[in-house]
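Counting with my numbering, you get residues 161 to 467 for the letters of the sequence shown. Beta carbons: idealized from backbone N, C-alpha and C, even for Gly.
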Amino acid sequence: MSKTADWRAALRALPGTLREGVPLAPYTTFRLGGPAELLFEPATAEACAEALRLAKGAGVAVHVLGGGTNTLVADAGVRGLVILLSAKPFTGIEFVDDGVRAGAGASLPKLVQEAARRGYGGFAELAGIPGSAGGAVAMNAGGRYGETKDVVRAVTLLDGDGMLKTVPRAGIPFGYRRSGLAGKVVLSVEFEKKRCDKEAALKMLEEAMGYKHATQPMAAHSAGCAFKNPPGQSAGKLIDEAGLKGARVGKAVISQIHGNFFVNEGGATAADMLALIDLARRTVKEKTGVELESEVQRWGFEGQPTQ
Ligand code: EPU
Numbered sequence: 161m162s163k164t165a166d167w168r169a170a171l172r173a174l175p176g177t178l179r180e181g182v183p184l185a186p187y188t189t190f191r192l193g194g195p196a197e198l199l200f201e202p203a204t205a206e207a208c209a210e211a212l213r214l215a216k217g218a219g220v221a222v223h224v225l226g227g228g229t230n231t232l233v234a235d236a237g238v239r240g241l242v243i244l245l246s247a248k249p250f251t252g253i254e255f256v257d258d259g260v261r262a263g264a265g266a267s268l269p270k271l272v273q274e275a276a277r278r279g280y281g282g283f284a285e286l287a288g289i290p291g292s293a294g295g296a297v298a299m300n301a302g303g304r305y306g307e308t309k310d311v312v313r314a315v316t317l318l319d320g321d322g323m324l325k326t327v328p329r330a331g332i333p334f335g336y337r338r339s340g341l342a343g344k345v346v347l348s349v350e351f352e353k354k355r356c357d358k359e360a361a362l363k364m365l366e367e368a369m370g371y372k373h374a375t376q377p378m379a380a381h382s383a384g385c386a387f388k389n390p391p392g393q394s395a396g397k398l399i400d401e402a403g404l405k406g407a408r409v410g411k412a413v414i415s416q417i418h419g420n421f422f423v424n425e426g427g428a429t430a431a432d433m434l435a436l437i438d439l440a441r442r443t444v445k446e447k448t449g450v451e452l453e454s455e456v457q458r459w460g461f462e463g464q465p466t467q
């Protein structure tokens, strides 16, 4: 048996579901892009760890799919192994006295809403952020009211060698839209509860959701903001002021509601989206001198010019 067949056979034998050539578009909020060569949904943390070790041994690239909210998959798809933490051990949310324990695959919006309803402070600030708890930690997702790191107590993860570790917040180099956890797989998160009463939490939830609905195309197929904000500035405002709202490449269009939202109107390709992102980056650079940095993770574009 060849080495490739060998490692695939070993992967197939692990507890979980392994599928080949799985279209990833339905798993991303952009709703575009090609298939995963291999998509593995491990049934246990140990199966996930073993999959990482097998992939490493075979020299195969690994991508971890969270809620697919910040992911642009190339039209040709992504080679190697994509891991999705969709099985039961990874999707639970447990409310305890001093915080919340969530699997990496748990829905962040569900966690945030339920936390506010129970009067757990510190979560409503993340209202309206889509995706999974693990993805929110990996990206340090946030907005004007707060960031994920503000409520993280500790993260349990697998490192690149499949070793299980629990890292306290102080050990995670969080920054604006970054956690420094690239190359690791977040399995679960311990969040801390901030002091707050139920009414205040619900008020905060309402305010944050209201702001999002008033200023963002919430129902559109986008990746949220396409660019990080440059220090002290809003990328959306810069794109807006550059006159780019409504600009399009094929079926990819810049939202009229918020300039940092790049929307798949239906039928956009990854190439369209990438070209539109590049158009905005170049135009803003020409007009203002500001270099925008993409917030969207690109999968399968290896060997192609990125920006
Ligand atoms: N603005 C414009 N035109 C636009 C967009 C914004 O003039 O097209 C102005 C607004 O009027 C406001 C300022 O720019 O005066 C800032 O806009 P906004 O409050 O919408 O915030 P933002 O900086 O554009 C950030 C986050 C969002 C988050 C919102 C609200 C980033 C890159 N964006 O946007 O996060 O939802 O605050 O909390 O940090 C995301 O990261 O995916 C994301 C959507």
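In the structure shown, His373 adopts helical secondary structure according to DSSP, grouped into three states.
Ile414: member of the beta strand (DSSP E) spanning 412 to 414, first to last residue.
The beta strand (DSSP E) runs lying completely inside the region 317 to 367 and spanning 3 residues or more are 324 to 328, 345 to 352, given in chain order. Non-local C-beta neighbours of Thr229 in its own chain, meaning closer than 7 Å and more than five positions away in sequence, comprise Thr189, Pro290, Gly291, Gly295, Ala383, Gly384, ordered along the chain.
Secondary structure of Glu180 (DSSP, three-state): strand. If you draw a straight line from the Cα of Glu359 to the Cα of Asp257, it comes to about 18 Å.
Across the structure, Tyr371 and Gly419 are spaced so that their CA atoms are roughly 16 Å apart. Separation of the CB atoms of Val272 and Gly240 is rounded to 32 Å, and the pair is thereby denied contact status at 8 Å. The region 405 to 415 makes no contact with the region 201 to 221, as fewer than three CB pairs between them are under 8 Å. Around Val450, the same chain offers Pro390, Gln393, Leu398, Val444 as residues with beta carbons nearer than 8 Å, after the five sequence neighbours per side are excluded. Going by beta carbons, Pro249 and Gly263 fall inside the 8 Å limit. Rounded to the nearest angstrom, the gap between the Cα atoms of Val311 and Ala165 is 43 Å. Counting every other CB atom within 10 Å of its CB across the protein chains shown gives Ala275 a total of 16 or more, marking it as buried.
Residues of the same chain with a CB within less than 8 Å of the CB of Arg313, apart from the 5 flanking positions on each side, are Gly259, Pro328, Arg329, Glu350, Phe351, Glu352 in chain order. Secondary structure of Ala314 (DSSP, three-state): strand. Counting along the chain, the unbroken beta strand (DSSP E) around Ala196 starts and ends at 195 to 202. Excluding five sequence positions before and after Ala203, the CB atoms of its chain that fall closer than 6 Å to its own CB belong to Pro175, Gly176, Ala247, given in chain order.
Taking the CA atoms as reference points, Met323 sits about 25 Å from Val238. DSSP lists Val260 as the bridge partner or partners of Phe255. Taking a C-beta distance under 8 Å as the contact criterion, Ser415 and Pro377 qualify as a contact pair. Straight-line measurement puts the Cα of Gly343 at about 23 Å from the Cα of Pro183. Secondary-structure assignment with DSSP links Val238 through a beta bridge to Ala196.
For Arg458, the enclosing beta strand (DSSP E) starts and ends at 457 to 459. The C-alpha of Arg278 is placed about 45 Å away from the C-alpha of Ala236. Exposure of Gly335 is indicated by the presence of fewer than 16 other C-beta atoms within 10 angstroms of its C-beta. Taking Tyr305 as the centre and dropping the five residues before and after it, the same chain places the C-beta of Glu285, Ala368 closer than 6 Å to its C-beta, in chain order.
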